[in-house]
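Per UniProt numbering, the sequence shown starts with residue 1, numbered consecutively.
Positions of the beta carbon are idealized from the N, C-alpha and C atoms, including for glycine.
Structure record follows, encoded as structure tokens.
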Amino acid sequence: IYEYTVQCDQLCTVLEAIKSNEECNEKIKCDDENIIIQLGKEDKKSIVATHFPCSCIDDGECLIISHRAEKVEGEVQHSKIVYPKEHYSVFYIDTVGGLHTKKKKLFKNNDVKQFKNLCVYGEKGITVAEALKRDGRFIDDLGNFELSNNQDPKRLTVCTQKVEKLHEIQFKIRLPKDKKKIKNEKLQEKTSSDVDRDKIYELLREQFPDLKRWMERRFPGDSFQEALNLTKENFGKIQQSFSQVHRVRKLLELGKSVCKINFNNSSVGTGFVLFDTFVLTNAHLFKGCVEGRKLQQDAEVFAFFDYEEPEPETKFYYFRAENTFIDFDAELDYAVLELNPEGLLSKVGPLPANGEACIIGHPEGRVKEMDPTCIIETEKRAQAADDYLSQYKNPLIIKSLSDHVRKQGIENILEGGYKAGKVATYHTFMYHGSSGSPVFDGLGRVFGLHTGGFTYGFTKKDESVIEYAHPLIMIFEKFVSNLKESGNNELDDSIKKQLLKPPYVCVFVARNPCCSNKCVSSILIY
């Protein structure tokens with residue numbers, strides 16, 4: 001047995017701190033996944049994961065390292081951000097399970113049962129299930145488990161609860177009781193061929209007279225089938241556009257510039273690299289935490305790239321943003337931060353009136369996803385919103401929901417509204433956490449900044465009747481104007497180089513058809 005003193009002078013994982021000592025590193029001959037780290041000298045009490053934050057280890061604490069022949073935890077993630085101690089909740093899971101766990105395997109390596117408990121950490125804001133999955137020592141699928149408090153076993157914590165309230169508490173894992181499969185032979189006696197379909201349709205019509213009257217009024221004669229065929233035709237065009245391999249390949253390549261924005265240790269939205277080191281996202285993500293163009297003291301913003309696979313397999317990388325915004329505009333709802341990889345400015349396109357669109361982002365902080373959709377033309381926006389609400393059948397409910405979205409200002413983007421020509425609209429499943437995502441057209445040009453929708457909370461979670469994006473060209477024009485006023489000449493020169501590239505010049509020619517190339521250049525260089 002060897003004993004070493006390790007000085008940890010920066011935020012890192014426990015194993016990284018241990019390996020920073022050359023003597024310790026030479027003694028470790030096994031794979032990281034086979035290591036067990038005991039916390040404290042007390043006999044066989046607690047063990048921590050190799051990626052446990054060193055900031056959560058007390059000064060002078062003793063760590064005992066041992067190894068096993070089989071893997072103890074999943075692959076260690078070396079690209080994690082390590083935060084100060086106050087960002088975490090640390091709790092303990094007994095190696096002896098609670099209710100309904102006697103015959104169940106809970107850990108990848110049962111050698112951990114030689115110890116009393118596993119010390120688990122979680123960033124404030126994540127759930128218990130996310131913390132245990134990321135830990136790597138538990139089996140991959142614990143299912144819908146609960147935690148029972150050792151001091152009060154009747155006090156339960158569900159796996160979807162946030163970890164904030166669990167700090168320094170000891171728990172046992174409880175599993176749900178197995179449900180026996182019930183066979184109901186009576187339901188199988190009648191086959192579908194015995195069913196009188198006409199009778200069923202008649203019963204449905206009797207139960208929903210309001211729906212019947214609305215359908216007859218909305219689609220007289222054969223117009224419903226015609227509308228249905230048109231919808232199928234449009235959907236087919238969208239599928240065809242984004243099923244062509246070269247377009248998908250282009251979108252995937254452009255998607256490398258899309259990042260997940262983490263603000264104050266919680267996933268809040270999406271952004272993308274505009275050019276050079278500058279990331280564009282929505283301003284409302286930082287609501288209440290901005291003073292002028294600066295984030296409040298101790299506020300931290302990180303951009304995560306390549307977050308495309310679920311944990312623990314994901315191998316993302318990240319950058320920290322400067323605390324001062326390059327530009328911040330609440331009216332157009334955009335913010336420009338400073339970061340790295342090649343941006344999307346050279347791929348910018350005009351705001352399309354119709355046609356295909358595709359959004360790439362991180363809805364609800366999940367891995368990167370894409371949603372092909374189509375632009376809803378200005379004159380069709382009101383009907384699109386009404387059609388979306390018609391699923392609720394009851395006229396009173398529809399009127400209530402219509403009033404709710406009207407109070408949010410939906411009329412401003414409808415035909416005749418003052419924002420009608422200043423946004424692109426569409427339907428998408430990209431809701432919370434997708435604000436700041438780039439929106440591409442069918443040619444792979446980014447034309448918009450996905451900003452939000454007009455929501456209602458009638459169901460268990462908020463849904464939106466229609467979503468919208470601000471035009472990237474309009475945002476960039478405002479950005480350039482604000483930059484000129486600020487006198488930032490160094491950044492000004494960098495932007496000029498980008499603006500003189502053909503794709504962006506062409507966009508300005510399209511918007512100013514009367515301009516010659518010389519005139520366009522003078523516009524760009526101001």
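query	result
Extent of the continuous alpha helix (DSSP H) run through Cys-24	22 to 27
CA nearest to the CA of Leu-95, picked from Val-258, Asp-387, Leu-156 and Ser-46	A small fix is needed here, since residue 95 is Thr in this sequence, not Leu. Checking every option, the nearest Cα to that of Thr-95 belongs to Ser-46.
Validate contact between the stretch 433 to 447 and the stretch 289 to 298 using beta carbons, cut 8 Å, 3 pairs	no
Nearest neighbour of Lys-124, chosen from Lys-172, Val-82, Phe-107 and Leu-106 [CA to CA]	Val-82
Sequence-distant residues of the same chain with beta carbon closer than 6 Å to Ile-359, five excluded per side	Asp-371, Thr-428, Met-430, Ser-437, Val-439 and His-450
Under the three-state DSSP convention, the category His-246 falls into	helix
The beta strand (DSSP E) enclosing Lys-19, as first and last residue numbers	It is not in any beta strand (DSSP E) - Lys-19 instead sits in the alpha helix (DSSP H) that spans 14 to 19.
Proximity winner among Lys-105, Lys-44 and Ile-65, relative to Thr-50 (alpha-carbon distances)	Ile-65
Assigned exposure category for Asn-282 - 16 Cβ within 10 Å defines buried	buried
Beta-carbon proximity list for Ala-469, same chain, < 7 Å, skipping 5 on both sides	Val-423, Ala-424, Val-439, Gly-448, Leu-449, His-450 and Thr-451
Exposed unless 16 or more other CB atoms sit within 10 angstroms - verdict on Gly-487	exposed
Where Ser-435 falls: helix, strand or coil (DSSP)	coil
Val-405 and Ala-420 closer than 8 Å at C-beta	no
Nonlocal neighbours in the same chain, by C-beta distance under 7 Å from Ile-413, ignoring five residues either side	Arg-381, Lys-419, Ala-420, Val-423, Thr-425 and Tyr-468
DSSP beta-bridge partners of Gly-271	Cys-259
Alpha carbon of Lys-232 to alpha carbon of Leu-401, nearest angstrom	Note that Lys-232 scores a pLDDT of 47, beneath 50, so its modelled location is shaky and nothing firm can be said.
Collapsed DSSP secondary structure at Glu-123 in the structure displayed	strand
Touch test, the stretch 86 to 102 against the stretch 168 to 179, Cβ-Cβ under 8 Å, three pairs minimum	yes
Per-residue DSSP class, three states only, for Thr-101	coil
Sheet register partners of Gly-448 (DSSP bridge)	Val-439 and Pro-471
At least three beta-carbon pairs within less than 8 Å, the stretch 329 to 336 to the stretch 243 to 254	no
Straight-line gap, Asp-141 to Glu-291 (C-alpha atoms, nearest Å)	44 Å
Length of the line joining the Cα atoms of Glu-364 and Gly-453	15 Å
Helix, strand or coil at Leu-11 according to DSSP, with G and I counted as helix	coil
Alpha-carbon spacing of Gly-136 relative to Glu-75, whole angstroms	7 Å
Span of the alpha helix (DSSP H) around residue 528	Nothing can be reported for residue 528: it is not among the residues displayed for the chain, which extend from 1 to 526.
Lys-180, buried or exposed, once every other Cβ within 10 Å from all chains shown has been counted against 16	Note that Lys-180 has pLDDT 48, beneath the 50 cutoff, so the model's placement of it is unreliable and the number below is only indicative. Lys-180 is exposed by the Cβ-count criterion.
Buried versus exposed, by CB contacts within 10 Å (16 or more), Ile-182	The pLDDT assigned to Ile-182 is 35, lower than 50, so where the model puts this residue is not dependable, and the model offers no usable value.
Cα-Cα separation between Ala-353 and Gly-255, rounded to whole angstroms	23 Å
Simplified DSSP state of Lys-422, which is helix, strand or coil	helix
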